[in-house]
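First the structure, in the form of structure tokens, and then the observations on it.
Residue numbers (UniProt numbering), protein chains in the order written: chain A, 1 to 706; chain B, 1 to 706.
What follows is the structure, given as structure tokens:
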């Protein structure tokens with residue numbers, strides 16, 4: 001658990017020493033000083049450089065030891081080989097927070113990685129926290145602190161505001177900061193975490209989640225280095241009502257585990273991360289533009305609880321374009337109530353009053369119309385947001401005053417709703433709307449997408465009563481991967497049903513078992529070493545009598561002997577053959593970052609061709625399992641599409657939840673579980689795992705066992 | 001066929017009369033004059049207003065008759081009721097082109113529509129072409145012509161350039177124009193077509209396709225009022241190598257025909273329009289932003305023939321974000337050849353040299369690195385485009401000069417390739433790159449998407465040898481919708497195979513037919529009035545002997561008598577039961593705009609749940625049919641996914657093409673055809689329509705038949 005008060009020193013220090021301070025405002029050791037002098041940093045700047053008396057007009061100290069005080073923060077801009085002694089000196093002086101610009105550590109290979117580990121140990125000895133190494137640093141506009149050498153400052157300082165950026169990449173983080181600035185957004189804090197020897201992007205998010213000055217958190221991640229801390233940080237942000245917008249790159253990487261089992265290939269790293277972070281309230285984005293749009297919309301701190309949009313236009317065309325986009329992304333645009341429509345048509349007979357509301361070009365002569373239509377949308381339409389398409393009309397110097405006068409009172413009258421304009425023109429003119437609390441976008445579709453994201457946040461918050469997670473119980477696993485019967489027995493203890501079945505050692509035992517279940521039965525080889533039984537002819541379906549059982553028994557053993565002669569065979573499995581259900585697939589795959597992840601999908605082509613699956617980190621309860629099941633694109637098949645009987649989704653949800661609890665309790669030796677197929681019978685008739693493969697890492701031999 | 005020389009008068013007139021000219025530069029009759037005076041219109045402005053001697057400093061004429069010459073164009077800004085006499089006067093004077101700002105015609109209802117038709121007749125009498133009524137007009141920056149009252153000019157004039165906009169909506173067209181201007185794009189011509197009484201958006205596109213000054217055509221459409229002209233205009237644009245970027249709104253509208261047949265609901269108007277316009281080379285877009293991005297990229301007139309992207313960065317992170325987006329949208333980013341990688345790593349050992357190419361922050365000190373990496377991408381990587389992520393670095397006043405100096409020679413060395421920057425900063429600094437022929441975007445993902453579109457255009461042009469369309473032959477249709485046997489007979493004449501089958505009138509005839517085919521057989525009712533035969537139990541499958549045939553015959557007739565007592569029954573159909581193939585669906589649906597449209601998909605859930613179909617206007621050849629078949633998401637199932645035998649795609653393609661030729665020859669009475677299922681047998685074994693429904697409009701009774 002990170003103590004955030006120590007991170008405070010990195011992000012909001014009252015004094016900062018620059019080790020390797022430079023007179024040249026273009027050099028790494030000079031840039032932060034020049035920036036802080038220009039920005040009027042509120043704290044004390046303490047340059048350290050043995051060769052100079054002053055740096056950029058400030059008194060300069062020959063060594064860390066010579067500093068007149070223990071600096072709250074230090075910026076280290078010396079070559080890699082000098083870093084350890086610098087940290088040692090700072091530690092002795094009492095400094096508790098150092099930002100390491102210096103490169104040449106873990107990013108260069110094994111040797112650098114070892115050196116980096118030593119830095120952390122050294123800092124730890126002094127209770128010092130490290131940002132970096134190989135970081136571009138931090139800025140905090142509100143106090144004029146620029147612990148960064150980013151050249152993004154050459155093209156202007158960031159604007160103050162309640163957006164924060166936490167980035168693993170320095171350049172990309174600074175790009176986001178510059179993008180925000182160029183778009184007029186207020187973004188006070190940028191934290192770039194570089195090699196993450198100590199402080200991670202999770203810590204940065206957590207700091208922002210607890211900070212009074214940041215309300216919207218943007219983050220760029222390439223790898224999750226500390227999953228529990230990240231999820232905890234997301235939970236804190238969600239509890240604080242602060243949206244976290246995450247751009248996670250490297251989506252094409254698929255973990256090395258992917259080949260290990262069927263379901264594993266469905267759970268590439270990026271897909272798992274998306275699912276887990278989304279589950280913890282993050283909004284996953286693919287591009288900087290949508291990040292900035294949503295950050296802008298969310299920065300006003302109005303998150304309406306209604307996920308619905310009204311569109312008001314001065315031209316039909318734009319209303320249609322906006323409606324098309326809303327429909328595409330699933331943002332509801334309900335019609336206005338009939339009475340409200342009638343009232344609007346009385347005011348303006350040629351208007352459209354359904355939604356989109358078109359108050360026509362007449363609104364150019366009579367801006368009061370715009371106000372009336374927008375008010376109707378908020379009041380009688382009850383929309384979470386109203387988007388007014390005003391284009392260049394709103395950008396006209398003359399009209400902007402009239403429009404603002406008409407519309408500003410609505411802002412006060414509906415404080416919990418969003419009013420947005422789609423407008424073009426001089427940024428200075430448009431800024432007046434923004435200052436009056438009206439969001440301004442220049443593209444109707446970008447506006448619709450950003451509003452959708454913010455409205456989803458609001459409605460999720462309004463309805464978020466998180467169910468408690470089920471408590472996993474420790475599971476006693478065998479020493480090596482179990483065969484199918486053992487796997488099913490293990491799962492049965494966890495409450496997961498297979499079809500009625502029995503392991504047998506002879507043909508006559510098989511006949512007895514089959515007669516007990518009733519025909520038809522299915523028979524297959526029992527072996528922990530044969531994963532794809534059908535492929536070698538070691539599965540027989542549709543066996544209808546005793547002779548069939550005997551023949552199948554012989555065929556299966558002979559197939560195993562022929563095609564898998566080295567496999568351990570522990571017998572043959574006889575099972576009641578179920579039919580009439582929907583074939584599904586459930587599985588578990590251990591993600592190297594997030595631990596066991598459950599996957600659910602329909603069988604066959606739905607998974608293989610369409611990749612139509614739902615993922616969730618384990619464990620979770622039946623309600624969550626139900627959401628997962630219903631979230632796949634082909635869920636309609638389970639719900640009784642095409643005249644079929646609806647499947648027993650309750651039973652599937654119970655099974656999936658129990659599987660997740662089992663996986664969470666099984667510990668790190670569990671590599672994967674495949675239940676494929678799981679047969680979902682018609683409503684009320686249950687769900688059964690017809691096959692089960694559990695793959696385990698072999699048990700480690702105790703130290704004294706050698 | 002439109003004579004475009006007459007439209008010239010509307011868009012590039014040498015003189016223009018303004019009927020209803022106003023002294024007030026804010027009024028409809030005053031705005032165009034004020035704009036043209038300010039912009040320095042090259043032609044003669046001739047105000048007409050009986051109440052004034054001068055208008056805005058120009059001599060004013062009391063009436064059209066008093067004009068000193070026949071104006072090449074007229075702008076009509078008088079109330080609707082005065083429009084006819086104005087057109088009459090203009091016609092007599094010899095004016096051949098009038099733009100009608102006046103509203104109050106077809107958009108107001110039936111009466112206005114009639115008045116509008118009279119206008120067209122009146123104008124036709126004088127050989128005059130009309131734009132509008134209810135249009136915002138036209139501008140043509142190159143000659144300073146502003147035949148428009150758009151208030152978008154209040155916030156600045158458009159910039160000259162080779163982009164043109166053709167829009168049905170005035171306000172939305174002007175919005176696009178203002179958007180282009182605000183983004184620094186050169187867009188010389190805007191044509192808004194209003195009610196399209198005469199000139200349509202198709203004419204406007206055609207004019208731009210043939211114009212010397214326009215290279216990229218942007219169009220906004222709500223309805224296609226003249227499909228043949230539109231498709232012809234698109235073909236002319238494609239032949240001229242001019243991209244047409246189309247934003248077609250109203251995507252949720254589904255024609256009234258939708259309920260008429262199964263396949264009809266798969267072919268909503270917008271989906272059909274997308275398919276047809278795409279087939280004619282248009283790029284269909286959903287939002288103005290992507291339209292502007294692609295127009296910008298295409299306006300440089302460099303359309304490389306390689307559909308591949310190289311990314312060069314100064315920071316790893318951005319390269320990953322761009323690569324993720326490229327992979328998502330299917331833009332290939334091939335690796336650099338091994339030798340080229342080795343050479344780059346020699347220059348900069350810490351670089352990434354695969355693709356994306358990361359020349360690291362070292363490029364800030366050594367801009368020559370940037371040039372080397374980009375050159376390698378163009379030369380050895382052979383990429384159609386190289387995108388350099390330079391962010392705020394490129395926006396720095398100091399570095400921009402060095403970067404430009406290093407990179408400009410590449411522009412000349414690789415004239416047929418695209419070089420693009422992702423850059424932030426002062427627009428004036430960034431413009432220098434643009435002026436040197438380097439594209440500038442501020443978002444890496446927007447850049448990737450725009451480059452993809454332009455690279456697709458280039459590679460499509462490089463490979464476009466259009467096959468000749470098959471010639472449809474007239475089809476003799478029965479007077480009313482045929483029953484299944486008649487439908488199959490009709491289709492058989494067109495070369496479309498059903499399974500071997502026979503219509504029978506008795507149980508014994510059925511037995512004889514079945515024995516002829518061999519068992520199993522399938523039997524079903526023959527009736528033009530029963531569309532969903534299975535639902536009432538009038539289809540029997542899997543009949544294996546003569547007794548089964550007799551029982552089925554009785555059951556089917558009794559089911560029809562019970563559940564469809566008023567249906568005409570013409571017998572029972574006996575057919576060989578085929579199995580072992582893949583069930584597909586083919587159909588035809590008559591689109592009100594584009595005529596018969598073919599649809600292809602796999603059977604069952606693929607169509608019903610996933611809407612996974614391909615559409616194409618009829619007729620087309622087997623090669624096109626093959627492309628359609630392979631374009632569906634689930635095509636892998638036909639190609640032998642999951643170990644199944646590959647289906648006979650050649651036979652499917654032949655059948656689909658023949659169906660399209662049949663539909664094209666059948667004329668307007670053909671409402672729809674459903675072949676569902678079509679069984680695609682394993683390769684070499686053909687494809688068979690197992691069911692066929694043809695729906696016809698009843699034959700019109702000749703006038704003397706009443």
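Note that the Cβ used here is the ideal one computed from N, Cα and C, for glycine as well.
Residue 586(B) (DSSP reduced to helix, strand or coil): strand
Residue 426(A) at chain B interface by Cβ criterion, 9 Å: yes
Same chain, Cβ closer than 6 Å to residue 313(B), five either side skipped, listed in chain order: 319, 356, 358, 389
Close-in-space but distant-in-sequence residues of the same chain around residue 400(B) (CB under 7 Å, 5 per side omitted): 394, 429, 432
Complete beta strand (DSSP E) runs within the segment 200-224 of chain A (minimum length 3 residues, chain order): 216-221
Buried versus exposed call for residue 1(B) [16 or more other C-beta atoms within 10 Å across all chains shown]: Model confidence at residue 1(B) stands at a pLDDT of 44, short of 50, so the residue's coordinates are unreliable; what they give is reported in the following sentence. Label assigned to residue 1(B): exposed.
Partners in chain A for residue 445(B), counting only beta-carbon separations shorter than 8 Å: 286, 287, 288, 289
Contact set between residue 391(B) and chain A, taken where Cβ atoms lie within less than 9 Å: 152, 171, 172, 174, 175, 178, 179
Within the segment 341-394 of chain A, ranges of the alpha helix (DSSP H) (whole runs, at least 4 residues): 362-365, 367-379
Contained alpha helix (DSSP H) runs [length at least 4] in the segment 408-455 of chain A, N- to C-terminal order: 427-435
Residue 598(B) vs residue 618(B) beta-carbon contact at 9 Å: yes
Same chain only: Cβ atoms within 6 Å of residue 710(B), ignoring 5 sequence neighbours per side: Residue 710(B) is absent from the structure shown; chain B starts at 1 and stops at 706.
Residue-chain proximity (residue 8(B), chain A), Cβ-Cβ < 9 Å: no
Outcome for residue 98(A) when other beta-carbon atoms lying within 10 angstroms are tallied against a minimum of 16: buried
Residues sharing a beta bridge with residue 502(A), DSSP: 574(A)
9 Å Cβ cutoff, residue 167(A) in contact with chain B: yes
Spatial distance of residue 549(B) from residue 493(B) (CA atoms): 29 Å
Run of the alpha helix (DSSP H) containing residue 725(A), from where it starts to where it stops: No answer is possible for residue 725(A): it lies beyond the span of chain A, which begins at 1 and ends at 706.
Buried versus exposed call for residue 106(A) [16 or more other C-beta atoms within 10 Å across all chains shown]: buried
Contact under 9 Å by Cβ, residue 614(A) with residue 651(A): no
Residue 184(B) to residue 289(B) span [Cα, whole Å]: 13 Å
Cutoff 7 Å; reference residue 282(B); Cβ partners in own chain excluding five residues on either side: 234, 244, 246
Classification of residue 345(B) by the beta-carbon crowding that lies within 10 angstroms, buried from 16 upward: exposed
Reduced DSSP category for residue 682(A) - H, G, I as helix; E, B as strand; rest coil: strand
Burial state of residue 335(B) (16 or more Cβ within 10 Å): exposed
Opposing strand residues paired with residue 59(B) [DSSP bridges]: 54(B)
Between the CA atoms of residue 392(A) and residue 151(B) - distance to the nearest angstrom: 7 Å
Start and end residues, alpha helix (DSSP H) containing residue 148(A): That residue, residue 148(A), is in no alpha helix (DSSP H); its beta strand (DSSP E) goes 145-148.
Span separating the alpha-carbon of residue 146(B) from that of residue 352(B): 53 Å
Environment of residue 481(A) [buried if 16+ CB atoms lie within 10 Å]: buried
Whole-angstrom distance between residue 387(B) and residue 279(B), CA atom to CA atom: 29 Å
Residue-chain proximity (residue 155(A), chain E), Cβ-Cβ < 9 Å: The question asks about chain E, but that chain is absent: this structure's protein chains are A and B.
Length at least 3, wholly inside the segment 498-564 of chain A: the beta strand (DSSP E) runs in chain order: 501-504, 521-526, 539-543
Interface flag, residue 396(A) vs chain B, CB-CB below 9 Å: yes
Near-chain A residues of the segment 310-321 of chain B (beta-carbon distance less than 7 Å), N- to C-terminal order: 314, 315, 316, 317, 318, 320, 321
Exposed unless 16 or more other CB atoms sit within 10 angstroms - verdict on residue 571(A): buried
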